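Asks: Supplied in structure tokens, the structure appears directly below.
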Amino acid sequence: MSAKERNWWIVAGVVIVLYALFPIAWIVSLSFKAPADIANGQFLPTVFTWANYSQILTGDAAALFLPALRNSFGICLIATFLACILSMFAAYAIARLDFKGKKLILSTALAVAIFPVISIVTPLFNLWRLIGLYDTWPGLIIPYLSLTLPLSIWTMSAFFREIPWEMEQAAQVDGATSWQAFRKVIVPLAAPGVFTTAILAFFLAWNDFVYGISLTSTSAARPVPAALGLFSGASQFEDPTGATAAAAVVVTIPVIILVLIFQRRIVSGLTNGAVKG
Amino acid sequence: MASVEMKNIVKKYGDGFPAVNDVSLDIADGEFMILVGPSGCGKSTLLRMVVGLEDITSGDMIIGGTRVNDKAPRERNLSMVFQNYALYPHLSVFENIAFPLRLAKTPEAEVQEKVRAAADVLELHEHLDRKPANLSGGQRQRVAMGRAIVRDADAFLFDEPLSNLDAKLRGQMRTEIARLQRRLGITTIYVTHDQTEAMTLGDRVCVLRRGVIQQVASPRELYEQPVNLFVAGFIGSPPMNFLPAKLRNGTLATPFGDITLDPKRGADIGDRDLVLVGIRPEAFDDASLVDEAKKPYGSTFRARVDVTEWLGDSQFAYIPYEAPEEVVEQLKELSRELDSEALRTQAVVSIDSTSRIRAGREAEFWLDARKVHVFDPATGENLTRDSDAGAELTRLAEEQRAEEIDEARASGLTVEG
Amino acid sequence: MTTTVPPTTTAPPATAPSTGASDRARGEQRLGWMLAGPAFAVMLLVTAYPIGQAVYQSLFAYRLTDPENRRFVGLNNYGVVLSDAIWWQSIGVTVLITVITVVVELILGFLLALVMANALKSIRPVVRAAILLPYAIITVVSAFAWQFAFDLNSGFVNSWFSWIPGISADTDWFGSFGSSILVICLAEIWKTTPFISLLILAGLAQVPDVLQEAAKVDGASWWQRMWKVTIPNMKAAIMVALLFRTLDAFRVFDSIFVMTAGANGTESVSFLAYRQTIARLEVGLGSAVSVLLFIAVVLIAFGFIKGFKVDLSQARGEK
């Protein structure tokens, strides 16, 4: 390709990076604005201040934000873990075994993935209130499985399909028991797929909003996105903008770290499973 | 080291179709046996039953005198080279080769020693720390072999090990495998669909068709005394020509003139109207170049040459001919079964490379009647097969083989070489 | 090559008495369900049960605050919903947002994919990491970022773009229907285009380079190669991306909740269902809306798969 053409692709690449980062840069900038600066109509603050962060981490908004952060981490990690365990077995069966119902399981996963969350949340709302799961961790972990399981099953079976299963036979001929073949050959080959799936499932759970606002009412189980969404509604702050921005930045940090470290895997996971992300 | 005996082995899949049907085969200790046939003939299935990756529906699989039908692969002490090598991508070359030893909990020093020895034989030394993904096709192939020879297995099994290599490398690895097997003198079963590999490597070759054994014999016997149309058509490249012929008073009337057989072989044909005459390309020659003393043993005919191929050391000429409707179908069916695409009825004829015969012209050819086989078009049976001569060829091959192994063992060649 | 005879080539002999599957096949069947069963059961539990419950509840006039007066009304709730202008307004809003975002995202996503496919090796990881950020960020955070940017009080957009006629320091983007929808769409497009572009990029990678070269030799221009070689060969990937994104867009909720809370007629179907049930506790009516939304999603998926012949096995990487 010619030098001129190459320069164009570089320019295009820079434009994409700007496009992707600009709104993030904006919310970061906003989070450093002092109350007087918020309405200055400018992108950058005139003075940088950590006030918004101290408000959500130690100040009067901390009671709202910190439990939400703890809830989000706990609930999302547990939901991700459960989904990965369940779908690991399912994906192994789908990729490795020949049994009737494979198609049914995959179709069900697809159907669940395209299911409107709001159609699920209404009846759950009633049921949870009835059986006492409303505003509890399990009350969110269970519906989160409906988000994470379909994606995990699809992505993981796509990964598992690529494992050369002949390896297992080769190991058996080499003198391995079934268990040895599984542990020494299959597990090392399958681990990256499981790990990638876990990241994607975590993103999905971390992103949830509908379940969060519908199935919780207090800081006992309310996750961050829901807490954020209700920040503005709470009248205890004069102007919640700065605090909201700071909270938004805090919850974005884990996501950014995961993306930066595992970008290659995330891309392959997304395109492999080709399921809603 | 051990012999492998198969007794009436049958493999049926869920739908009841027999992929392998009543196969009985004895492979002697130290013998190199080839399983060959077109795709779908059951050769790989048979191999996988030997190693234990496939259940045996009925029959007995006996390795080293023990029935192994119900033994797991790891209890059979066999080593196998897979078609796509099945190298463990997360392990280095060293660890790939060491894998069977590690499973057997071999002491570290011995592992080191054995892997190094195997790496020496296969010239893999400088690659021991690399991962399989960074190796070339030929190197991967050698690692797979290393994993097979590092262990004192009772037999080697190869499942089309060279089919993923390019032609040149395939030739090199073929000789490498032959040398290794001679050197180790280990029982070997080798599956291939490539008849060059079958002819060059095997002590004996087992030709399979639709799960049934057609013939088990030395390469020379298969080539010179095939039992039927299928074996005759499968072995040899370019393949044997099959010409329709009418039988008239002991003379075969073919599109290329009349052929008179010697009385004994003429009598074998019996009383038939239409037969198929099988003639290998090298049984023909440019009539102008044939020794006058040889000429009476065959017949000459004139025909128009369609295309010639000059290959330097040899030359082929293609001669189209008309065949009756009833035989055309039969020949098409045969070529389909042999995985080839015969578009027209034509004979491939090998002529001397100095011959001046040119495409598009008529030329005179000579045909050696002594090398002609006659087949029953309905059953495919070879009517003129001389089973004594065939058995003699195989016996000679076995003798020669035994000598080679004795020599190899006497000169003290082992893995450490 | 394999020597196992594919059962399809030869009809199974009808004479053999059917003994059923072999032990190994039956064992595999059992093991398969043992392993996949729990995941399957959980999926059914968290979806089939609620949707069944929703269908049931939609047949009652039922307010959570007034459980005494719960009574069976048949399909009456659906009649109420379907004859209400609010429902049709929310359907209109949802379809509008879906169409705008999906069309823009498809075009934009294709461009992004082209850039990533052609970007130099050195900058590709940077571009890829950048493009993943919008995808991975919480929708609510993205909605806040865009809302604050356009907000009368905290935003910078008005002062930056005041040179454009019609935009001034006191332009209230969330004060009217059109501009509200515009900002909502912008936020949605920003966040979900990367997903589409990654799927399209994977599709691009599936088109062999030799096809491009062959077309070049045949004398095709860049555009011709794009339209006649590349796109037809990655149609399946595009369709899968389109299907998932359409279904996703149709459920739009988070951004609307954060940005307008449904003001100025910007309520989507999901939002309507939420407001009926969770906020107003009208369980009967809300359930009817949920069921109708569910039916709409199923119809879209069905329409895609039948109408456009979306091959989902493509999505499973089976081909």
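Chains as they are written, first to last, in the UniProt record's numbering: chain L, 1 to 277; chain W, 1 to 417; chain X, 1 to 319.
We put the CB at the ideal spot given by N, CA and C, even for glycine.
If you're wondering where the values come from, they're calculated on a predicted model, not measured in any experiment.
1. Going along the chain, which residues of its own chain have a beta-carbon closer than 7 Å to the beta-carbon of W/Y223, five neighbours each way excluded?
2. Between W/V36 and W/Q172, which are expected to be in contact by the criterion C-beta below 8 Å, what is the C-beta distance as a whole number of angstroms?
3. Below 9 Å between beta carbons: does that hold for X/V291 and X/S58?
4. Check this for me: beta carbons of W/L103 and L/K184, under 9 Å apart or not?
5. At the 9 Å Cβ level, is W/M145 part of the contact set with chain L, yes or no?
6. Less than 9 Å separating the beta-carbons of L/A38 and L/V249?
7. Measuring alpha carbon to alpha carbon, tell me which residue in W/M1, W/H125 and W/N21 is nearest W/K7.
8. When the cut-off is 9 Å and only beta carbons count, does L/G229 lie next to chain X?
9. How long is the line joining the alpha carbons of X/A54 and L/S152, rounded to whole angstroms?
10. Can you list the residues of chain L that X/I107 reaches, using a CB-CB cut of under 9 Å?
11. If you follow the beta strand (DSSP E) that W/T57 is part of, which residue opens it and which one closes it?
12. Count the other CB atoms within 10 Å of the CB of X/M34; is the residue buried (16 or more) or exposed (fewer)?
13. Measure how close the beta-carbons of X/V140 and X/D254 come, nearest whole angstrom, since I'm counting them as under 8 Å.
14. Look at L/L110 and L/P138 and say whether their C-beta atoms are less than 9 Å apart.
15. From X/N233 to L/L82, what does the alpha carbon distance come to, in whole angstroms?
16. Considering Cα atoms alone, identify which of L/P123, L/E162, L/L44 and L/V121 is closest to L/A95.
17. Mind checking if L/V173 is an interface residue toward chain W, Cβ cutoff 9 Å exclusive?
18. If we count the other Cβ atoms within 10 Å of its Cβ and call it buried at 16 or more, is X/F161 buried or exposed?
19. Is L/T136 near L/A79, with beta carbons less than 9 Å apart?
20. Does the distance from the C-beta atom of W/L334 to that of W/G211 stay below 9 Å?
21. Assuming X/S159 and X/A169 make a contact with CB atoms under 8 Å, what is their CB distance in whole Å?
22. Would the region 89-101 of chain W and the region 61-73 of chain W be scored as touching if the rule is three or more Cβ pairs under 8 Å?
23. Since W/V50 and W/I189 are thought to touch, with beta carbons under 8 Å apart, how far apart are those beta carbons, to the nearest angstrom?
24. Against chain W, does L/G194 count as a neighbour if the rule is that its beta carbon must be under 9 Å from one of theirs?
25. Taking X/V297 as the reference, give the member of X/V95, X/A36 and X/Y78 with the closest Cα.
26. Measuring CB to CB, does W/A82 end up less than 9 Å from L/Q169?
27. In its own chain, which residues sit with a C-beta less than 6 Å from the C-beta of L/A61, not counting the 5 before and 5 after it?
28. Answer yes or no: does any C-beta atom of chain W fall closer than 9 Å to that of L/V267?
29. Kindly identify the DSSP beta-bridge partner or partners of W/W366.
30. Quick one: does W/V415 have its CB under 9 Å from some CB of chain L?
31. Return the first residue and the last residue of the alpha helix (DSSP H) that W/M145 is part of.
32. When you compare only the Cα positions, how much space is there between L/V117 and X/A149?
33. Roughly how many angstroms separate the alpha carbons of L/A234 and X/S270, rounded to a whole number?
34. How far does the alpha helix (DSSP H) with W/E404 in it reach, from first residue to last?
35. Against chain L, which members of the region 202-214 of chain X pass a CB distance test of less than 8 Å?
36. When the cut-off is 9 Å and only beta carbons count, does X/I100 lie next to chain L?
Replies: Here's the rundown:
1. Taking W/Y223 as the centre and dropping the five residues before and after it, the same chain places the C-beta of I235 and G236 closer than 7 Å to its C-beta, in chain order.
2. Contact between W/V36 and W/Q172 does not hold, since their C-beta atoms are separated by about 21 Å, which reaches or exceeds 8 Å.
3. Going by beta carbons, X/V291 and X/S58 fall inside the 9 Å limit.
4. A contact, by the Cβ cut-off of 9 Å.
5. Interface residue (Cβ-Cβ distance to chain L less than 9 Å): W/M145 is not classified as such.
6. The sequence given here places Ile at residue 38 of chain L; Ala does not occur at that position. No. Outside cutoff.
7. Just measuring C-alpha positions, the residue of W/M1, W/H125 and W/N21 sitting nearest W/K7 is W/N21.
8. L/G229 belongs to the set of residues whose beta carbon lies under 9 Å from a beta carbon in chain X.
9. The alpha-carbon separation between X/A54 and L/S152 amounts to approximately 26 Å.
10. Within 9 Å of the CB of X/I107, no CB atom of chain L is found; the nearest one sits about 14 Å away.
11. Careful: W/T57 lies outside any beta strand (DSSP E) and carries neither H nor E.
12. It is exposed - the Cβ of X/M34 has fewer than 16 other Cβ atoms within 10 Å.
13. Right, the Cβ-Cβ distance comes to about 5 Å (below 8 Å), so this counts as a contact.
14. No.
15. X/N233 and L/L82: Cα-Cα distance of roughly 38 Å.
16. The shortest Cα separation from L/A95 among L/P123, L/E162, L/L44 and L/V121 belongs to L/E162.
17. Contacts with chain W at 9 Å (Cβ-Cβ) include L/V173.
18. Label assigned to X/F161: exposed.
19. The Cβ-Cβ distance between L/T136 and L/A79 does not fall below 9 Å.
20. No, the pair does not count as a contact, with Cβ atoms beyond the cut-off.
21. Right, the Cβ-Cβ distance comes to about 6 Å (below 8 Å), so this counts as a contact.
22. The region 89-101 of chain W, when compared against the region 61-73 of chain W, does not touch it at the 8 Å Cβ threshold.
23. For W/V50 against W/I189, the beta-carbon gap comes to about 6 Å, under 8 Å, which counts as contact.
24. Residue identity differs from the one stated: residue 194 of chain L is Val in this sequence, not Gly. The Cβ of L/V194 sits no closer than 9 Å to any Cβ of chain W.
25. For X/V297, the closest alpha carbon among the candidates X/V95, X/A36 and X/Y78 is that of X/V95.
26. The residue you asked about is not Ala; residue 82 of chain W is Phe in the sequence shown. The answer is yes: Cβ separation under 9 Å.
27. Correct list, in chain order: Q55 and A243.
28. Taking 9 Å as the CB threshold, L/V267 stays off the interface with chain W.
29. Within the DSSP secondary-structure output, W/W366 pairs in a beta bridge with W/D285 and W/T300.
30. Here the model assigns W/V415 a pLDDT of 43, short of 50, so the residue's position is not dependable and the matter cannot be decided.
31. Following the DSSP letters along the chain, one finds W/M145 inside the alpha helix (DSSP H) bounded by residues G137 to I149.
32. One C-alpha to the other measures close to 28 Å.
33. The pLDDT assigned to L/A234 is 46, lower than 50, so where the model puts this residue is not dependable, and the model offers no usable value.
34. Counting along the chain, W/E404 sits inside the alpha helix (DSSP H) bounded by residues S387 to A410.
35. Residues of the region 202-214 of chain X that bring their beta carbon within less than 8 Å of a beta carbon in chain L comprise A202, in sequence order.
36. For X/I100, not one C-beta of chain L is nearer than 9 Å to its own C-beta.
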